[in-house]
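J.: Per numbering that gives the first Met the number 0, the sequence shown starts with residue 0, numbered consecutively. Glycine is no exception: its CB is placed at the ideal position from the N, C-alpha and C atoms. Since this is a predicted model, take the numbers as computed values, not measurements.
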Amino acid sequence: MAFQVRNAVLAGVLLGALLGSGAAVAQKQGGILKMYTPDSPASMSIHEEATVFAIGPMMGVFNNLVMFDQHVKQNSLEAIIPDLATGWSWSEEGTTLTFPLRQGVKWHDGQPFTAKDVQCTWALLMETGGEKLRVNPRKSWYRNVEEVVANGDFEVTFHLRRPQPAFLMLLASSSAVIYPCHVPPREMRQHPIGTGPFKFIEFKPNEYIRVSRNTDYWKKDRPYLDGIEYTIIKNLATATLAFVSGKFDMTFPYTLTIPLLKDVQRQLPQAICELTPDGGINRHILVNRDTPPFDNPDLRKAMALSLDRKAFIDILTEGQGEIGGILQPLPEGLWGTPPDQLKQLPGYDPDVQNNRAQARQLMEK
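1. Once you ignore the five residues that flank N143 on each side, which residues in its own chain have a CB closer than 8 Å to its CB?
2. Beta-carbon separation of C272 and Y178 under 8 Å?
3. Mind the definition here: the region 45-64 touches the region 194-214 only if three or more C-beta pairs lie below 8 Å; say whether that holds.
4. Would you list the one or two residues that DSSP bridges to G195?
5. Taking the alpha carbon of R209 as the point to measure from, which residue in M34, M66 and F157 has its own alpha carbon closest?
6. From the DSSP output, read off the bridge partner residues of P111.
7. Just to confirm, is the Cβ distance from Y207 to Y223 under 8 Å?
8. Across which residues does DSSP place I232 in a beta bridge pair?
9. Which partner residues of H181 appear in the DSSP bridge assignment?
10. Which of the three DSSP states, helix, strand or coil, is assigned to G226?
11. Answer yes or no: do F98 and V147 have a C-beta to C-beta separation smaller than 8 Å?
12. Who are the near neighbours of N368 in its chain, counting only those whose CB is closer than 7 Å to its CB and skipping five residues on each side?
13. Which residue marks the beginning of the beta strand (DSSP E) containing R212, and which one marks its end?
14. DSSP on T120, reduced to helix/strand/coil?
15. Taking the alpha-carbon of D215 as reference, which of D108, V65, K27 and R101 has the nearest alpha-carbon?
16. What do you reckon, is the C-beta of L285 under 7 Å from a heavy atom of the ligand COA?
17. Just the Cα atoms here: how many angstroms apart are E331 and T239?
18. Please identify the residue among L83, V351 and Q69 whose C-alpha is closest to the C-alpha of L384.
19. So, are the CB atoms of D225 and I31 less than 8 Å apart?
20. Span of the alpha helix (DSSP H) holding K261?
21. Pick from A149, S90, I322 and N353: whose alpha carbon is nearest that of V117?
22. Looking only at DSSP bridge pairs, what is P56 linked to?
23. If you measure between the beta carbons of I45 and S174, is that distance less than 8 Å?
24. For a test of the three-state rule: what should DSSP assign to E201, helix, strand or coil?
25. Residues in the same chain with beta-carbon distance under 7 Å from S42, minus the five sequence neighbours each way, listed in chain order, please.
26. CA-CA distance, R101 and T85?
27. When you compare each of W87, I257 and D348 to G320 by their alpha carbons, which one comes out closest?
Structure, rendered in structure tokens:
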């Protein structure tokens, strides 16, 4: 059985988009959610992958110590709630963070979850233990962590080198899931084992990823779905047509444009099309500053000055976006740059012509 209500989503966190559909079927358990994903990841190991194409499908296989509340805006520490932890407490000096852990939680292979698993996870991420990740894209996140200590089986403490109030938000990230201590990292690449609501079933590169309901999940009566099937379709037009024709219940959240979203609405009036410009999607132009020509700081500054950011938003997202949104304070961001200071950054002054005049002067040097 598949969902009868179909969803087209533009932006938003992937797991939140999936669970957001749960309210529509809260009184009726069962069904396989079918959606597409636009790329085939190298592996299923969240801690070795850096893209949403692996992280998204695997998030439901795992749990974090803490998580973002799905029902509130995720723009403050108040949005963080316990997951595998039952709570947390900071030391007075702000350098020690302690989590009491849930008891009775089992890994998908039946082994018990304990504080040792948390300790092993950060030994992997910090590269302080015997096991190693093949690649470690988020090692730098934990440079401020001095050590992680297991206080018995059901309590763990993070010791930081200096206060870091935002550290809790890192632990709530989709990239901070807990790995089992008894499963080698190499096995997690193709057959991950977690404590989450879904069990990994199969990954066939360039074809599909499948997960199924964890019938022994520690959160009572969850999940509602029997499983999720992700079909890998790299061509956006093909994937969108498949959604319109009824092959999928939901689109992939990050690939639709606003014009395409409107086109889907025209072709499929019963689809629920949701635009969430505060969903954390940001667009950048990244350059390699270590090689010519962008090793020249004047050239980089000139490029930053020449960009018309408002036109960029108007054309690509029909005005649905914020200039420097991820740099701004509430409500757009959390610890950001005040708007009057943002204007002082190269290229962020709304006077585009003046910015470009400065860029030309730099290029003439």
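T.: Short version:
1. L159, R160, R161, Q163 and F166
2. no
3. yes
4. For G195, which the question treats as bridged, DSSP gives no partner whatsoever.
5. M34
6. K105
7. no
8. Beta-bridge pairing links I232 to no other residue.
9. According to DSSP, which records beta bridges pairwise, H181 is partnered with nothing at all.
10. strand
11. no
12. The requested residue 368 is not part of the displayed model; the chain covers only 0 to 364.
13. Y207 to R212
14. helix
15. D108
16. As far as ligands go, the structure on display features none, and thus does not contain the ligand COA.
17. Confidence at E331 is low in this model, with a pLDDT of 46, below 50, so its placement is unreliable and no value can be given for it.
18. Beyond the ends of the chain as shown, which are 0 and 364, falls residue 384; an answer cannot be given.
19. yes
20. I257 to Q266
21. A149
22. P56 pairs with nothing; no bridge assigned.
23. yes
24. strand
25. E48, A53, R188 and Q189
26. 6 Å
27. I257
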